[in-house]
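S.K.:
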Amino acid sequence: MQFNTENWLLERKKTKKKTLAVLVDPDKWTKELNFFLRNGDKSHLPDIFLVGGSLLSTNFLEKVVAQLKELGKPVILFPGNSLQITDKADAILFMSLISGRNPEFLIGQQIHAAHRVKESNLEAIPLGYILIESGAPTSVQYMSNTQPIPAAKNDIAMSTAMAGELLGMRAFYLEAGSGADSPVSDEMICGVRKSVEGLLFVGGGLRDAAVIKSKFKAGADIVVIGTAFENNPNLLKELSEELEY
Ligand code: 1GP
Numbered sequence: 097m098q099f100n101t102e103n104w105l106l107e108r109k110k111t112k113k114k115t116l117a118v119l120v121d122p123d124k125w126t127k128e129l130n131f132f133l134r135n136g137d138k139s140h141l142p143d144i145f146l147v148g149g150s151l152l153s154t155n156f157l158e159k160v161v162a163q164l165k166e167l168g169k170p171v172i173l174f175p176g177n178s179l180q181i182t183d184k185a186d187a188i189l190f191m192s193l194i195s196g197r198n199p200e201f202l203i204g205q206q207i208h209a210a211h212r213v214k215e216s217n218l219e220a221i222p223l224g225y226i227l228i229e230s231g232a233p234t235s236v237q238y239m240s241n242t243q244p245i246p247a248a249k250n251d252i253a254m255s256t257a258m259a260g261e262l263l264g265m266r267a268f269y270l271e272a273g274s275g276a277d278s279p280v281s282d283e284m285i286c287g288v289r290k291s292v293e294g295l296l297f298v299g300g301g302l303r304d305a306a307v308i309k310s311k312f313k314a315g316a317d318i319v320v321i322g323t324a325f326e327n328n329p330n331l332l333k334e335l336s337e338e339l340e341y
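If you count by the numbering used here, then the sequence shown holds residues 97 to 341, one letter each, in order.
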């Protein structure tokens, strides 16, 4: 039977296993990072890899996905737009930026991507992507031309996720933006967790084990780190010890 990423993640959620994801931006992928993951202690690898970025200026997506696949962990596309698709991955977060009011990221890019995704046999996970204000403007905010939900407006984030669920979305991503000054608050994560059933991803500005732990405790099923891993790949060792994943 073919591996199903979403069911595997749901099974982990059911058994209260938290999932650590490393986000790889193909533009920032280096020989050193590849070497580190390939030759390091395999027990320190994250549970899954996400691959994508707000803006890709290189052609390395397929190559990076193929290299990550060799590590034996699920690789999920986290596309910044409809160009970031390859059937080399296990699945794609087929997402709509539901916190925004820009039709291009609510449905436009998805229409461009639909044929390729259907024909590729890629597993699609319908996901509501919810951008939260986090201090300084972030790349995703600028590139999507959308306004994030104010950081303290938990009720808006909760209603947004609920609307996504009612529209059929089975996963949600609370996003502070790559390199965010402040991550999404525990209170907001907790509120959204109580509002919807699906898989809950949380990412943006997460840099150390204590903060990551608090996001899991607040209700995140999958915590995503990108910049912190790029800056210090050894963080994975610390996290695997502290988080016992
Ligand atoms: C960005 O949530 C991810 O989409 C990861 O953010 O780079 O800040 O870890 P960081």
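Glycine residues also receive a C-beta, built at the ideal position from the N, C-alpha and C atoms.
Have a look at L133 and M258 and give me their C-alpha separation to the nearest angstrom.
M.R.: Between L133 and M258, the C-alpha separation is close to 37 Å.
S.K.: Determine the closest residue to L164 out of A305, P244, K138 and L151, with distance taken between C-alpha atoms.
M.R.: Closest option to L164, Cα to Cα, is K138.
S.K.: Counting only the same chain and skipping the five closest in sequence on each side, list residues whose C-beta sits under 7 Å from that of S153.
M.R.: Only D123 meet the Cβ criterion.
S.K.: Here's the rule: buried if 16 or more other CB atoms are within 10 angstroms of the residue's CB, otherwise exposed. What is E56?
M.R.: Because residue 56 is not part of the residues shown, which for the chain are 97 to 341, the question remains open.
S.K.: Give the DSSP-derived three-state secondary structure of V292 in the structure shown.
M.R.: DSSP places V292 in coil when its eight states are reduced to three.
S.K.: Under the criterion of a Cβ to heavy atom distance below 8 Å, does L119 qualify as lining the ligand 1GP?
M.R.: L119: yes, Cβ under 8 Å from the ligand 1GP.
S.K.: Would a C-beta distance cut-off of 9 Å place K127 and V161 closer than the cut-off?
M.R.: Not in contact: K127 and V161 (Cβ atoms no closer than 9 Å).
S.K.: Can you tell me whether D251 is buried or exposed, with buried defined as 16 or more other CB within 10 angstroms of its CB?
M.R.: When all chains shown are included, D251 counts as exposed.
S.K.: Please list, in chain order, all residues of the same chain as Q237 whose beta carbon is under 7 Å from its beta carbon, the five residues on each side excluded.
M.R.: Cβ within range, chain order: L227, P244 and G273.
S.K.: Could you check if Y322 belongs to the surroundings of the ligand 1GP, using beta carbon to heavy atom distance under 8 Å?
M.R.: The question names Tyr, but residue 322 is Gly in the sequence shown. Yes, the beta carbon of G322 sits closer than 8 Å to at least one heavy atom of the ligand 1GP.
S.K.: If T242 sits next to G196, beta carbons under 8 Å apart, how far is it from one beta carbon to the other, in whole angstroms?
M.R.: With a Cβ gap of about 3 Å, T242 and G196 count as contacting.
S.K.: Can you tell me the Cα-Cα spacing of L191 and N330, whole angstroms?
M.R.: In the sequence under discussion, the amino acid at residue 191 is Met, which differs from the Leu named in the question. The straight-line gap from Cα to Cα measures roughly 31 Å.
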